[in-house]
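Here's the structure, in structure tokens; my notes come after.
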Amino acid sequence: MQDQAVQPPEQGAEGEQKSKKQLQREKKEAEKAQKKQEHQKAQNAQEQQQQQQQVQEEDNCVGRYGDLNLIQSQERTNRKWIKVGDVDQTLVNQVILVRARIHNSRVKGKLAFLVLRENYNTIQVVAEKGEFASAKMLKFISGIPLESVVDIEALVKQPNKEILSCTQKVELEVRSIKVVSRSLPMLPFQIEDASRRITDFEDGVQEMKQEEPQIKQDKQEKQDKNEKQQIQVMLKTRLDNRVIDLRTPAKQAIFRVQSGIGLLFREFLVENGFIEIHTPKLIGGTSEGGTNVFKLKYFNQDACLAQSPQLYKQMCLMADYDRVFEVAPVFRAENSNTHRHQCEFISMDIEMVIKEHFTELLDLMGDLCIYMFKGIEKRYQKEIEIISQQFPFEPFKIPEPVLKLTFEEGVKMLHEAGVNQDPNDDLDTTNEKTLGKLVREKYGTDFYILHRYPKKARPFYTMPCHDDPNYTLSYDFFMRGEEIVSGAQRVHDPELLIKQIKEKGIAVEPLKDYIDSFRYGAFPHGGCAFGLERVAFLYFNLKNIRNACMFPRDPVRLFP
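Using UniProt numbering, read the sequence shown as starting at 1 and increasing by one per residue.
Pasting the structure below:
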């Protein structure tokens, strides 16, 4: 029988035997290390599981969010984008695709709320963490700057509560969101600030006359009735960053209505037998013999920018185009820094032959104005409401038939009100406005015609009155006390025309072609011109004509 081997007792570092207590302590330390190792292993497993879960979430949303590649016309798909303004209850429970700007954004916890804006229409968008939105997707949404352009695929839903902050009364539940173009994170000003109701403070006239005081800087904070600080964007800042300012709902509406004014103008005239013409804007010498012209060199000749198409539209009539109109820019080198003057603006010109009396033209132009103003009221109700939210105004009054007053009658009204006015001189701006108030009080209209102006106040081509050569067969149309139209019967007799040209101290020779056009048989005729921007500016009481001009040109502004 083989003897069992006897285990020698454990020894220390120097060969000494370990005590029982020491062995127990080492055992406990080993057990503790093992538990720590097991705990770390469990923790690593948990983290790995969380990472796998996150990867799984990311995979569920892969391809449903991100930045699109630069669109370079790589392909044309059959996808259909719906305009924000067309998203309504008829599309509930349908998945649609929209492209718009991010107007507002708020991400909190598992929810993201967006407001999309296209033109002046807005819609609420919701993304909730779950099947269609991962945590990473929500984080991506939170990093998209305001004003960025996005494509959003979403389910149209009827909200439980009425949405008051958007134009559209349904909401979108995000299925995918792709950034088409990112905006810079910092804008010159926020669209929300630039959309606030305009006060009397911001008419911009003082800003045109001098640099803004430093205390105003680019933005001025004002307290409302609730003592909340609100930023008011100054006119100069708006014009310096015009592209941003033009995105505001009111500006979107203003220029859509302005486009409509041009459309209504053309509709009426074409229906009444007019044709549209296009005349030169580069002309020799000085336009109409005037002094307020922009002069330039046309190769080796002196030239200028046209103040109006006046001479050419008359020449067209002498070429037997008996009713013509033109919508085009004109240029005035007037160093006037006022709320209503521009150095370049759109003139809507009309010229037509008459049979017996200049009131043939006057009556037709009155009908044109009624057609335009009634058309604005009928066709652009939504835009009118949007504009009034930022630029409050009283509804425009224009009773039928249009009120006509002679210049002498207007002067008499001013005199009776204690206002000084020379009967042989033109009205200044102050007296125009005063007369407008008097007319509104007496006749209940914001629109009227003043005719038979003194000869001193009209250009050389204006026909004098047969009963008093000191007055003319001329007229102006007024809106809210400011002139929007100037017109007259024209002189069609070449000898009388030459006489009046000389009386104005204007050289005859540069006007030879114009004068000669009346030597070959001339039709009696007349015409007028509307200022497009002035019509919109005064109809909506926009305080400053620059609010009705996309990219204004005044004596101090040539950019942008």
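Yeah, the Cβ is synthetic: ideal placement off N, Cα and C, and Gly gets one too.
A quick note: this is a predicted structure, and the numbers were derived from the prediction, not measured.
- Ranked by how close their Cα comes to the Cα of His357, the residues Glu344, Gly526, Gln94 and Glu334 have Gly526 in first place.
- By the Cβ rule, the region 121-138 does not count as touching the region 70-82, because fewer than three pairs are nearer than 8 Å.
- A check of alpha carbon separations from Val243 across Lys382, Asn119 and Ala33 identifies Asn119 as the nearest.
- The Cβ-Cβ distance between Ala522 and Met318 falls below 8 Å.
- In summary, Asn78 is exposed, with fewer than 16 beta-carbon neighbours lying within 10 Å of its beta-carbon over all protein chains present.
- For Val419, the CB contacts under 7 Å within the same chain, skipping 5 residues up- and downstream, are Asn431 and Thr434 in chain order.
- Under a 10 Å Cβ-count criterion, Arg76 is classified as exposed, with fewer than 16 other Cβ atoms of the shown protein chains found around its own Cβ.
- Under the three-state reduction of DSSP, Lys20 is assigned to helix.
- Measuring C-alpha to C-alpha distances from Arg197 to each of Gln381, Ala529, Pro555 and Gln390 identifies Gln390 as the nearest.
- Shown here, Val353 sits in a strand according to DSSP, grouped into three states.
- Under the DSSP definition of a beta bridge, Glu503 lacks any partner.
- Annotated three-state conformation of Arg534 is helix, per DSSP.
- Taken in chain order, the complete beta strand (DSSP E) segments of 3 residues or longer contained in the region 462-514 are 474-479 and 482-489.
- Within a 10 Å sphere around the beta-carbon of Pro185 sit fewer than 16 other beta-carbons, which makes this residue exposed.
- Pairing Gly260 with Arg101 gives a Cβ-Cβ distance that is not under 8 Å.
- The three-state secondary structure of Asp193, taken from DSSP, is helix.
- Residues of the same chain with a CB within less than 7 Å of the CB of Asp446, apart from the 5 flanking positions on each side, are Phe396, Lys397, Ile398, Arg440, Met479 and Arg480 in chain order.
- An exposed status is given to Gly63, since fewer than 16 other beta-carbon atoms sit within 10 Å of its beta-carbon.
- A distance below 6 Å between beta-carbons, with the five flanking residues on each side excluded, links Lys404 to the following residues of its chain, in chain order: Ile449.
- Around the Cβ of Val98, a 10 Å sphere holds 16 or more other Cβ atoms; the residue is buried.
- For Pro329, there is no enclosing alpha helix (DSSP H); the residue is part of the beta strand (DSSP E) that begins and ends at Arg323 to Phe331.
- With respect to Phe477, Cys549 sits apart: the two C-beta atoms are not nearer than 8 Å.
- Here Arg519 is exposed. Its C-beta has fewer than 16 other C-beta atoms within 10 Å.
- In this structure, the straight-line span from the alpha carbon of Ala488 to that of Phe460 is close to 11 Å.
- In the DSSP assignment, the residues bridged to His451 are Thr406 and Tyr475.
- With fewer than 16 neighbouring CB atoms inside 10 Å of its own CB, Glu29 falls in the exposed class.
- In terms of Cβ geometry, Val92 and Ala127 do not form a close pair [threshold 8 Å].
- By the criterion of a C-beta distance shorter than 8 Å, Met372 is surrounded in its chain by Ile261, Leu264, Phe265, Phe268 and Val535, once the five residues flanking it on both sides are discounted.
- Around the C-beta of Pro560, fewer than 16 other C-beta atoms lie within 10 Å, and the residue is accordingly described as exposed.
- DSSP, reduced to helix, strand and coil, places Asn104 within a strand of the structure shown.
- Here the alpha carbons of Leu116 and Ser148 stand approximately 10 Å from one another.
- Across the structure, Tyr321 and Ser336 are spaced so that their CA atoms are roughly 36 Å apart.
- The beta carbon of Val411 is closer than 7 Å to those of Gln421 and Pro423 in its chain, skipping five residues each way along the sequence.
- By the neighbour-count criterion, in which 16 or more other beta carbons inside 10 Å mark a residue as buried, His466 falls on the exposed side.
- One Cα belongs to Glu153, the other to Phe537, and the distance between them is close to 39 Å.
- Leaving aside the five residues that flank Leu364 on each side, the residues in its chain whose CB is nearer than 8 Å to its CB run, in chain order, Asn272 and Met352.
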